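Reviewing the structure listed below.
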Amino acid sequence: VVRNKGAEICEKYLKKGDKVYIEGRIKTRKWQDDQGNDRYSTEIQCTDFTFLTPKAESNVSQSQVDTTVQTPQQEKPQSQEQQPVVEKEDDLPF
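In terms of our numbering, the numbers along the sequence shown are unbroken and rise by one, the last being 310.
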């Protein structure tokens with residue numbers, strides 16, 4: 217549950233499928249449904265959040281997603297032409 221200005225920011229910038237890191241308190245509520253059965257809801261009362269999905273990925277349309285999925289396959293031959301990474305051994309101070 218996000219409130220106040222945070223809720224406005226989330227509404228404006230978050231879309232379904234976006235990744236977000238949330239900090240807050242966990243709150244469990246007990247309530248009764250229409251048939252009188254006990255139900256429980258667990259919520260995170262958000263105190264802080266961070267968007268994890270890059271802005272460019274968040275705004276991508278479905279047609280661009282299809283193109284993006286095909287692009288790595290076309291780039292594979294180029295990645296094979298790259299020089300191998302040579303790792304140097306570092307002396308450890310202990």
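Glycine included, each C-beta is placed from N, C-alpha and C at the ideal position. Model, not experiment: these values are computed from the prediction.
| Item | Value |
| --- | --- |
| Where the alpha helix (DSSP H) through G222 begins and ends | N220 to Y229 |
| Reference K246; option with closest CA among I238, E259 and C226 | E259 |
| Pairwise C-alpha distance: T263 and D250 | 32 Å |
| Collapsed DSSP secondary structure at K329 in the structure displayed | In the structure as shown, the chain starts at 217 and stops at 310, and residue 329 therefore has no counterpart that could be examined. |
| Spatial distance of A272 from A223 (CA atoms) | 21 Å |
| Which listed residue (P270, K231, K228 and Y237) has its alpha carbon closest to that of Q261 | Y237 |
| Own chain partners of T269 with C-beta closer than 6 Å, once the 5 adjacent residues on each side are dropped | D234 and K235 |
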